[in-house]
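According to full-length UniProt numbering, the first sequence is numbered sequentially starting from 1.
We treat Cβ as the ideally placed atom computed from N, Cα and C, and that holds for glycine.
Here's the structure we're looking at; comments come further down.
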Amino acid sequence: MGNSPIAAPARVCEFYSGGAWIEGRAVDQLNEVAGWPGMGAVAGFPDLHPGRHGPVGGAFLADRIYPQLIGPDIGCGMALYRLDLPRRKLKLDKAARRLEVLEDGTAAEEARAALAGTEAELLGPQGLGTLGGGNHFCELQVVQEVADTAPGLAPGDLCLLVHTGSRGHGAGVFTGIEDSWKAGFLPGSEAADSYAALHGAAQAWARINRALLAQAASEALRCSAELICDAPHNHLEARPDGWLHRKGAAAPDRRLAPLAGSRESLSYLMAVPEGPAEALGSVSHGAGRRYDRAAMHGRIRRVKSELEAMRQTRFGGRVICAARDLLIEEAGSAYKDAGAVLRDLEGFGLAREAASLAPLITFKTSKGGR
DNA sequence: ATGTCC
Numbered sequence: 001m002g003n004s005p006i007a008a009p010a011r012v013c014e015f016y017s018g019g020a021w022i023e024g025r026a027v028d029q030l031n032e033v034a035g036w037p038g039m040g041a042v043a044g045f046p047d048l049h050p051g052r053h054g055p056v057g058g059a060f061l062a063d064r065i066y067p068q069l070i071g072p073d074i075g076c077g078m079a080l081y082r083l084d085l086p087r088r089k090l091k092l093d094k095a096a097r098r099l100e101v102l103e104d105g106t107a108a109e110e111a112r113a114a115l116a117g118t119e120a121e122l123l124g125p126q127g128l129g130t131l132g133g134g135n136h137f138c139e140l141q142v143v144q145e146v147a148d149t150a151p152g153l154a155p156g157d158l159c160l161l162v163h164t165g166s167r168g169h170g171a172g173v174f175t176g177i178e179d180s181w182k183a184g185f186l187p188g189s190e191a192a193d194s195y196a197a198l199h200g201a202a203q204a205w206a207r208i209n210r211a212l213l214a215q216a217a218s219e220a221l222r223c224s225a226e227l228i229c230d231a232p233h234n235h236l237e238a239r240p241d242g243w244l245h246r247k248g249a250a251a252p253d254r255r256l257a258p259l260a261g262s263r264e265s266l267s268y269l270m271a272v273p274e275g276p277a278e279a280l281g282s283v284s285h286g287a288g289r290r291y292d293r294a295a296m297h298g299r300i301r302r303v304k305s306e307l308e309a310m311r312q313t314r315f316g317g318r319v320i321c322a323a324r325d326l327l328i329e330e331a332g333s334a335y336k337d338a339g340a341v342l343r344d345l346e347g348f349g350l351a352r353e354a355a356s357l358a359p360l361i362t363f364k365t366s367k368g369g370r
């Protein structure tokens, strides 16, 4: 019999108010993960919702690497750009058509050049400059209100919010090691070193992917794009006190992070202060799911009028999503209210609103399908 | 999440 004590579960800090829409199953998952071996601290944010291997909308500090807490889309994140395109020059129909170039991906030569000399080079150019599916999008937005903390943004400015990740590459890293990761990878092990290297490559690849998509979109719209921030939310960070896992929780970039809304709620740019240590240097990345994909098919009738209604937003914007299943799964009603998420974050001193942004064109896919 | 399990 060993004399090592049974480890107590990690402390769980929940950064949401009593009024927040949080499924019990997501909180159960948060507490389950807190009991995993080597877990040191757990933080849950107001966009928390259930996920496949653990909750989405949380940060987890452990003495080892748990790849399932990052999931397949390693390096996924959101980058916000300011466009030097005057609002009055924008014609929505024309712009929506022009954004169809986002289906093309980056040409092979350009893709190789973009990867050359970076950590991402070993993964190769396949899929670079493509958005992918699920909750990914490239959205043209117009700035509504700004606080004095907003970096160079004024009401009426056009912005681009790009949400995508490492496409097939992160998924390949993850599924390639499935079954071996359940107990986590201890530091110094070959598995940990190998994962950390591939993770780093996928994260770099995802960042380049967002930059190339923004470049393609701004070229198509005949303007230039200036990066405001690029905040990843599915990744691993080596810290002095352990491995920090973020799953649907943003790592602010230059003290800023986008908070994605939906077709029914505004998006925000958040100013992110140092905040309490218990928040693990993390903040929400979006509104968070209210209903899972399967549930949405039971909630929305698959009729022309309903589908057409989802192709427009309450802000006068339009949604380019020719795939009907995806349109239903990603309806605004599938998500919580991003404004409520932001108010919770503000209440805990985790963020302040720097700007609000209304969707004009949400580009998901112009290719049809179910 | 995924050049995706029929």
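(request) With DSSP as the reference, label Thr130 as helix, strand or coil. (result) In the first sequence, counting from the first residue as 1, residue 130 sits at position 130. When secondary structure is reduced to three states using DSSP, Thr130 falls in the coil class, being assigned neither helix nor strand.
(request) Measure from the alpha carbon of Gln312 to the alpha carbon of each residue in Ala120, Ser284, Tyr291 and Ala358, then state which is nearest. (result) For the purposes of this step, residue 312 is taken as the residue at position 312 of the first sequence. Closest in C-alpha terms to Gln312, from the list Ala120, Ser284, Tyr291 and Ala358, comes Ala358.
(request) Using a threshold of 7 Å, state whether the C-beta atoms of Ile65 and Trp243 are closer than that. (result) As a first step, residue 65 must be located in the first sequence, where it is residue number 65. As a first step, residue 243 must be located in the first sequence, where it is residue number 243. Yes, these two residues count as a Cβ contact at 7 Å.
(request) Kindly indicate which three-state DSSP category Asp47 falls into: helix, strand or coil? (result) Locating residue 47 in the first sequence gives position 47, counting from the first residue. Reduced to three states, the DSSP call for Asp47 is strand.
(request) Determine the DSSP secondary structure at Lys94, reduced to helix, strand or coil. (result) Stepping through the first sequence from its first residue, residue 94 is reached at position 94. Helix at Lys94.
(message) For the beta strand (DSSP E) containing His235, name the first residue and the last one.
(response) For the purposes of this step, residue 235 is identified with residue 235 of the first sequence, where counting begins at 1. Element bounds for His235: Asn234 to Arg239.
(message) Just to confirm the assignment, what range does the alpha helix (DSSP H) spanning Thr365 have?
(response) Here residue 365 is taken as the residue at index 365 of the first sequence, counted from 1. Not the alpha helix (DSSP H): Thr365 falls in the beta strand (DSSP E), residues Arg352 to Gly369.
(message) Mapping the DSSP letters down to three states, classify Gln283 as helix, strand or coil.
(response) If you number the first sequence from 1, residue 283 lands on position 283. Here residue 283 is Val; the residue named in the question, Gln, does not match the sequence. Three-state result, Val283: strand.
(message) Cutting at 6 Å between CB atoms, please list the residues of its own chain near Gly35, excluding the five before and the five after it.
(response) The count along the first sequence starts at 1 and reaches residue 35 at position 35. Within the same chain, and ignoring the five residues on either side of Gly35 in sequence, the residues whose Cβ sits closer than 6 Å to its Cβ are Pro9.
(request) Tell me whether Pro37 is buried or exposed, calling it buried when 16 or more other Cβ atoms sit within 10 Å of its Cβ. (result) What you label residue 37 is simply residue 37 of the first sequence in a count that begins at 1. A residue is called buried when at least 16 other Cβ atoms come within 10 angstroms of its Cβ; Pro37 does not meet this threshold and is exposed.
(request) Could you name the residues that DSSP lists as bridge partners for Ala323? (result) Walking along the first sequence from the start, residue 323 turns up at place 323. According to DSSP, Ala323 bridges with Gly369.
(message) For Gly369, count the other beta carbons within 10 Å of its own beta carbon; 16 or more makes it buried, fewer makes it exposed. Which is it?
(response) By 1-based counting over the first sequence, the position of residue 369 is 369. Its Cβ having fewer than 16 others within 10 Å, Gly369 is exposed.
(request) Can you tell me which of the three DSSP states Ser267 falls into? (result) Indexing the first sequence from 1 puts residue 267 at position 267. Note: Ser267 maps to strand in three-state DSSP.
(request) Look up His245 in the DSSP assignment and give the residues it is bridged to. (result) Start at 1 with the first residue of the first sequence, and residue 245 comes out as number 245. Under DSSP, the beta-bridge partners assigned to His245 are Phe60 and Leu236.
(request) Give the straight-line distance between the Cα atoms of Ala150 and Ala191, rounded to the nearest whole angstrom. (result) To locate residue 150, count along the first sequence from 1; it is residue 150. To locate residue 191, count along the first sequence from 1; it is residue 191. Going from the Cα of Ala150 to the Cα of Ala191 covers about 42 Å.
(message) So the candidates are Leu350, Ala351 and Ile328; which of them puts its Cα closest to the Cα of Gly134?
(response) Taking the first residue of the first sequence as 1, we reach residue 134 at position 134. The shortest C-alpha separation from Gly134 is found at Ile328.
(request) Just mark Gly298 as buried or exposed, buried being the case when its beta carbon has 16 or more other beta carbons within 10 Å. (result) Within the first sequence, the letter at position 298 stands for residue 298. Under a 10 Å Cβ-count criterion, Gly298 is classified as exposed, with fewer than 16 other Cβ atoms of the shown protein chains found around its own Cβ.
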